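Participant: Have a look at this one before I ask anything.
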Amino acid sequence: MVFYLLLYWHFLVMIMLVIIFAGMITFLFPWFSSIVLLILSGLIGFVYSIFIDYKDASFFFISINLVVSSIPILLIRYLHFLKRKAEEMEEGSFN
92 MVFYLLLYWH FLVMIMLVII FAGMITFLFP WFSSIVLLIL SGLIGFVYSI FIDYKDASFF
152 FISINLVVSS IPILLIRYLH FLKRKAEEME EGSFN
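In our numbering, the protein residues as written are 92 to 186.
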């Protein structure tokens with residue numbers, strides 16, 4: 092599997108694009124469901140396994156995409172939470 096990761100550079104490109112896609116959608120559209128983004132990233136992993144004709148490792152690609160896309164989603168959700176809490180604290184200190 093390590094040889095595969097070194098040989099196929101487009102796997103790393105797919106991972107980077109999934110991170111960027113999940114982060115941009117979550118940041119620009121905070122009302123968009125995280126579950127839908129995770130399903131889309133898993134679907135991208137499945138399509139990738141079909142694209143490279145290596146369907147035996149589709150579970151690996153799907154799980155990697157789910158883990159990698161959950162990181163920016165959670166970070167940006169936490170950023171929105173902190174922003175909302177800071178605005179609430181700011182309103183409370185002036186009253």
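Just so you know, even glycine gets a beta-carbon here, dropped at the ideal spot from N, CA and C. Given the structure is predicted, the values throughout are model-derived calculations rather than measurements.
1. For the region 127-142 against the region 173-181, are there 3 or more C-beta pairs whose distance is under 8 Å?
2. Since Val-109 and Asn-156 are thought to touch, with beta carbons under 8 Å apart, how far apart are those beta carbons, to the nearest angstrom?
3. Please return the same chain residues whose Cβ sits closer than 6 Å to the Cβ of Pro-163, not counting the five positions on each side in sequence.
4. Keeping to the same chain, check which residues put their C-beta closer than 6 Å to that of Asp-147; ignore five residues upstream and five downstream.
5. Going by C-alpha distance, which of Ser-161, Ile-153, Phe-137 is nearest Thr-117?
6. Just the C-alpha distance for Phe-137 and Phe-152, rounded to the nearest angstrom, thanks.
7. Under 7 Å between the Cβ atoms of Ser-154 and Ser-140?
8. Just to confirm, is the Cβ distance from Ile-106 to Val-158 under 7 Å?
Facilitator: Let's see:
1. no
2. 5 Å
3. Ile-110, Ala-113, Gly-114
4. Once the five neighbours on either side are set aside, Asp-147 has no close Cβ partner at all.
5. Ser-161
6. Rounded to the nearest angstrom, the two C-alpha atoms are 7 Å apart.
7. no
8. no
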